[in-house]
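I have placed the structure first, in the form of structure tokens, so that the comments after it can refer back to it.
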Amino acid sequence: DTGASNHMTGKSSMLNNIQKYLGTDFVLIGDGSSLPILGTRYFFIKQRNITPPLHDVLLVPSLTKNLLSISQLTK
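Counting in this note's numbering, the sequence shown runs from 386 upward without gaps.
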């Protein structure tokens with residue numbers, strides 16, 4: 386478990402119709418540093434013939450891995 390509170394990606398190409406993030410929040414990572422959130426939108430997981438969307442995915446360009454939030458999935 387990554388402990389992620391939101392779905393996140395560092396790749397803008399993974400998101401559809403990106404909306405600029407106007408909030409003041411940031412992502413706090415394990416080493417204590419903070420990363421800016423630049424946008425939010427839908428992320429589509431392409432798996433076989435099914436493409437379910439993930440909603441409210443944060444765009445955090447400094448991330449090198451995509452993160453899924455279990456708590457956000459179960460809402």
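Using N, Cα and C, we set each Cβ at its ideal position, and we do this for glycine too. From a predicted model like this one, the values you see are computed outputs, not experimental measurements.
Comparing alpha-carbon positions, which option in LEU407, GLY395, GLN404, PHE411 lies nearest THR449? Taking the first residue of the sequence shown as position 1, residue 449 is located at position 64. Checked all of LEU407, GLY395, GLN404, PHE411; the closest Cα to THR449 is GLY395.
Nearest residue (CA-CA) to GLY424, options PRO438, ASN451, MET393, GLY417: As a working mapping, residue 424 is identified with position 39 in the sequence shown. When each option's Cα is compared against that of GLY424, the closest is MET393.
Cβ-Cβ separation, GLN404 to ARG426 (assumed contact under 8 angstroms), whole Å: Counted from its first residue, the sequence shown places residue 426 at position 41. Counted from its first residue, the sequence shown places residue 404 at position 19. ARG426 to GLN404, Cβ: 6 angstroms. Contact.
Boundaries (first-last residue) of the beta strand (DSSP E) holding LEU423: Along the sequence shown, one-based indexing puts residue 423 at 38. That residue, LEU423, is in no beta strand (DSSP E); it is neither H nor E in DSSP.
Rounded to whole angstroms, what's the CA-CA distance from VAL412 to ASN402? Just pull it up for me. Within the sequence shown, the letter at position 27 stands for residue 412. Within the sequence shown, the letter at position 17 stands for residue 402. About 21 angstroms.
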